[in-house]
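What follows is a single structure, written as structure tokens, with notes after it.
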Amino acid sequence: MRVTLARRRAGDRIVAAALWALTLVAVVPLIAVLGYVAVQGASAIDWAFFTQLPGPAGEAGGGFVNAIVGTLVLLGLASILGLPVGVLGGIWLAEYGENRAAFWVRYLADVLNGVPSIIIGIVVYGLIVLPMGTFSAYAGGAALGIMMIPMIMRTTEELLRLVPDSLREASLALGIPRWRTTLSVVVRTASGGVITGVLLAMARVAGETAPLIFTAFGNRFWHRGLDEPIASMTLQIFQYATGPFDDWHRQAWAGALVLSGMIFTISLAARFATRQRFGGRT
Numbered sequence: 013m014r015v016t017l018a019r020r021r022a023g024d025r026i027v028a029a030a031l032w033a034l035t036l037v038a039v040v041p042l043i044a045v046l047g048y049v050a051v052q053g054a055s056a057i058d059w060a061f062f063t064q065l066p067g068p069a070g071e072a073g074g075g076f077v078n079a080i081v082g083t084l085v086l087l088g089l090a091s092i093l094g095l096p097v098g099v100l101g102g103i104w105l106a107e108y109g110e111n112r113a114a115f116w117v118r119y120l121a122d123v124l125n126g127v128p129s130i131i132i133g134i135v136v137y138g139l140i141v142l143p144m145g146t147f148s149a150y151a152g153g154a155a156l157g158i159m160m161i162p163m164i165m166r167t168t169e170e171l172l173r174l175v176p177d178s179l180r181e182a183s184l185a186l187g188i189p190r191w192r193t194t195l196s197v198v199v200r201t202a203s204g205g206v207i208t209g210v211l212l213a214m215a216r217v218a219g220e221t222a223p224l225i226f227t228a229f230g231n232r233f234w235h236r237g238l239d240e241p242i243a244s245m246t247l248q249i250f251q252y253a254t255g256p257f258d259d260w261h262r263q264a265w266a267g268a269l270v271l272s273g274m275i276f277t278i279s280l281a282a283r284f285a286t287r288q289r290f291g292g293r294t
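In terms of our numbering, the sequence shown opens at residue 13 and continues consecutively.
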């Protein structure tokens, strides 16, 4: 008996040590990348970076203010498309999706979730950019919104399925219509998780570059309307990082640091939403 207990304890220690080692393997590269970006970009961040437009090519100075604003505009437009379609689609799949049509919706959502982002950019280029005759914020927001839809839809569906059936049955037993039960009981119960899924989807598309090359295109100045090319941080970082000027490289690192900070902030907000869902235990 003692030998068996000792073996179990030894096995437990071995498994725990292996899990810690694997955790370090996953965390150390992440910390190394973020640390390197922070070291390279911190020295290039100043007040002008957040308040000035890009300077003339080859001249030192200028900033990313148009790219920062452009990124926020694109995320807003993407949310207008991706948020309602994704959430409503997830609600329908979870509560009314016991049919063949729902099977194909799930299948197509999973396929779309795995499609390379550059292909989505090319499709939106053919559907919006070519008919409009110009690159635009609308096209960029549509491309990012399409990427958000399957992520939000599948996350919403899975979270709603976690809501106990007893809550649905109790509400229906009181004579409350099914649609009201879905919105007032089921969705409200899972709201923290749904918000988390939305925020994580926004963080995911905030770092996309490829689809914006074919849609938003980029702009070194302020956009005067949503039907014109618009700047984004990812596009400007790509342009500066591949450019021939040392000051561009310096600002590219700064832009990478600020973009990482934006994504970290969104992820942190998702974490707080998760804490609300699980009663502050995470």
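Beta carbons: idealized from backbone N, C-alpha and C, even for Gly.
Excluding five sequence neighbours on each side, which residues of the same chain lie with their C-beta closer than 7 Å to the C-beta of residue i?
i: ARG293; result: Note that ARG293 scores 47 on pLDDT, short of 50, meaning its location in the model is unreliable; the coordinates nonetheless yield the value given after this. There are no such residues.
i: ALA264; result: ILE249, TYR252, ALA253
i: GLY138; result: none
i: GLY53; result: TRP265, ALA266, ALA268, LEU269
i: ALA56; result: ARG262, GLN263, TRP265, ALA266
i: ALA50; result: LEU269
i: VAL85; result: ALA149, ILE242
Would you list the residues sitting across from residue i in a DSSP beta bridge?
i: PHE76; result: Answer by DSSP bridge pairing: none, since PHE76 is not bridged.
i: ILE207; result: Note: ILE207 sits in no beta bridge, so no partner.
i: PHE62; result: In the DSSP output, where bridge partners are listed per residue, PHE62 has none listed.
i: ILE242; result: PHE229
Tell me which residue opens and which closes the alpha helix (DSSP H) that residue i is part of.
i: TRP191; result: 190 to 193
i: VAL197; result: Looking at the DSSP string, VAL197 is not in any alpha helix (DSSP H), and its letter there is neither H nor E.
i: VAL136; result: 129 to 136
i: LEU139; result: Unbroken run through LEU139: none, as it is neither H nor E.
i: THR168; result: 149 to 173
i: ASN111; result: Note, ASN111: premise wrong, no alpha helix (DSSP H); not H, not E.
i: GLU220; result: Premise fails: GLU220 is in no alpha helix (DSSP H) and is neither H nor E.
i: ARG180; result: 177 to 185
Leaving out five residues before and five after residue i in sequence, what residues of the same chain have Cβ atoms less than 6 Å from its Cβ?
i: THR167; result: GLY209
i: LEU280; result: none
i: ARG190; result: none
i: LEU212; result: ALA282
i: ALA22; result: none
i: MET274; result: none
i: LEU271; result: MET245
i: VAL301; result: Residue 301 is absent from the model: the chain starts at 13 and stops at 294.
i: THR201; result: VAL175
i: LEU224; result: GLY152, SER244, LEU247
i: THR194; result: GLU107
Examine chain B for any beta-carbon lying closer than 8 Å to the beta-carbon of residue i, and answer yes or no.
i: PRO96; result: The question asks about chain B, but that chain is absent: this structure has only one protein chain.
With a cut-off of 8 Å on the beta carbons, I'd call residue i and residue j a contact; round off their distance for me.
i: GLY152; j: ILE92; result: Between ILE92 and GLY152 the Cβ distance is about 12 Å, and since that is not below 8 Å, they are no contact.
i: ALA155; j: ILE132; result: 5 Å
i: GLY74; j: LEU65; result: 6 Å
i: PHE257; j: GLY70; result: 6 Å
i: SER183; j: VAL197; result: 5 Å
i: GLY102; j: ILE164; result: 7 Å
i: MET159; j: SER203; result: Incorrect: roughly 23 Å between the Cβ atoms, too far for contact.
i: LEU171; j: GLY205; result: 4 Å
For residue i, which residues from the same chain have a beta carbon less than 8 Å from its beta carbon, with the 5 sequence-adjacent residues on both sides left out?
i: THR227; result: GLY133, VAL136, TYR137, ILE140, VAL141, PHE147, SER148, ALA151, GLY152, ALA154, ALA155
i: ALA222; result: PRO128, SER129, ILE130, GLY133
i: MET214; result: LEU87, ALA90, SER91, MET160, ILE278
Whole alpha helix (DSSP H) elements within the stretch 20 to 71, 4-residue minimum: 59 to 63
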